[in-house]
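Colleague:
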Amino acid sequence: MSVHIRNAESCLYLDAMFGPEGLNKKRKELDRSNPENNRQRQYAELQKNLGATSSSHSSRSPQYSTFESRLLSYESDNFRSIKSPEELAAAGLFYTGVGDEVRCFSCNGGLRNWEGHDDPWIEHCKWFPACTFARETKGDAFIEQIQHSANAPTTMLNNASYPPAEVHHHIDLDLDMDLVTMKSICMNEMGFTTEIFDEAVYHLKLDGNHHPNIEDIINRIDHIQKETAVQYTSAKISESFYEENQRLKSIVKCSRCKINDSNVLFLPCAHHVMCITCAYDTKRCSVCNRGVSDVVRTFMG
């Protein structure tokens, strides 16, 4: 859904679903969550506050504020990465329990899809330059160098003294948004109910995604809605078959006793509505009220 919203300049379906104003808000939100846009926003924030770091900052995951606690997070059977736990933990990153996805205990920035040449500190400082822990540990001069290379043309990047980071390492499309904010967007701007939002988050966590971003949640909501529609359609079809079956059964049952099958034909009207027992003393057809001159026994195959 988010990919559709981001790429479809004019779509009647999206206009009808969100309205022009709602669609515009959604596009702005997706633009805000773009990893490159987020990097540039954080870099602008860094430039405003150069040299003004604070040792009393609040951490998003304070339980991982020490190197030892972060290192322990990698003692998981799920951890699969070509980067060593020591390197990642030293860069302020703890393991999330999913693939090779890690997050900073301080800024909550997320990274994954690591390659051999990637340096955890360079990736951290490139994508999250405003991170207080990164600034305190590496210094603003180091982060400025990373950002200058990130903003340089490709030819300059290739001549850098360290390998350039790639956008696909960045996995947290909504770093500044916690679940409460994402829930507010889904409900107030997109019209989803709190029940379907909670269900989407629940299933994502069951699948191992313990830190879903808003695109993950919207895609799961879309999946749930499609599944619900299929189930509803199947239920309606089953209900229709049942009703038709009951209707057909009622047709072949005797109209008087409602128990036996209809097995006689009235003459001359040819109506087939009673069993032989009930038709024995019938003088007039219950359907057309014509006189019955004779009855003929019928046999259903």
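Its first residue numbered 1029, the sequence shown is counted upward by one per residue in the numbering used here. Heads up, the beta-carbon is just placed ideally off N, CA and C, and yes, glycines get one too.
Looking only at C-alpha atoms, which of ILE1110, CYS1159, ASP1147 and LYS1154 sits nearest to CYS1132?
Modeller: Measuring from the Cα of CYS1132, the nearest candidate turns out to be CYS1159.
Colleague: Buried or exposed: THR1221, going by 16 or more other Cβ atoms within 10 Å of its Cβ?
Modeller: Exposed: under 16 other Cβ atoms inside 10 Å.
Colleague: When you compare each of ASN1247, TYR1230 and ASN1066 to HIS1152 by their alpha carbons, which one comes out closest?
Modeller: It is ASN1066 whose Cα lies nearest to the Cα of HIS1152.
Colleague: Buried or exposed: PHE1327, going by 16 or more other Cβ atoms within 10 Å of its Cβ?
Modeller: With fewer than 16 Cβ atoms within 10 Å of its Cβ, PHE1327 is classed as exposed.
Colleague: When the Cα atoms are used, what is the spatial distance from VAL1320 to SER1268?
Modeller: In a straight line, the C-alpha of VAL1320 is about 36 Å away from that of SER1268.
Colleague: Kindly list the residues whose CB is nearer than 8 Å to the CB of ARG1108, restricted to its own chain and excluding five residues on each side of it in sequence; keep chain order.
Modeller: GLY1127 and ASP1128.
Colleague: Would you call the region 1067 to 1078 and the region 1086 to 1104 in contact, with 3 or more CB pairs under 8 Å?
Modeller: These segments do not touch.
Colleague: Compute the Euclidean distance between the alpha carbons of CYS1306 and ALA1228, then round it to the nearest angstrom.
Modeller: Those two C-alpha atoms are separated by around 60 Å.
Colleague: Output the boundary residues of the alpha helix (DSSP H) element that contains ASP1353.
Modeller: Lying before the first or after the last residue shown, residue 1353 is absent from the chain, which here runs from 1029 to 1329.
Colleague: Per DSSP, CYS1132 is paired with what?
Modeller: In the DSSP output, where bridge partners are listed per residue, CYS1132 has LEU1121.
Colleague: Mind checking LYS1254: buried by the 16 CB within 10 Å criterion, or exposed?
Modeller: The residue is exposed, with fewer than 16 neighbouring Cβ atoms inside 10 Å.
Colleague: Can you check which of these residues, THR1165, CYS1282 and SER1212, is closest to LYS1337 by C-alpha distance?
Modeller: It is not possible to answer for residue 1337, since the shown part of the chain is limited to 1029 through 1329.
Colleague: Apply the 10 Å Cβ neighbour rule to ALA1178 and answer buried if 16 or more other Cβ atoms are within range, or exposed otherwise.
Modeller: That one is buried.
Colleague: What does VAL1292 pair with, by DSSP beta-bridge criteria?
Modeller: Bridge partners of VAL1292: MET1302 and ARG1325.
Colleague: Please state whether DSSP places LYS1281 in a helix, a strand or coil.
Modeller: Note: LYS1281 maps to strand in three-state DSSP.
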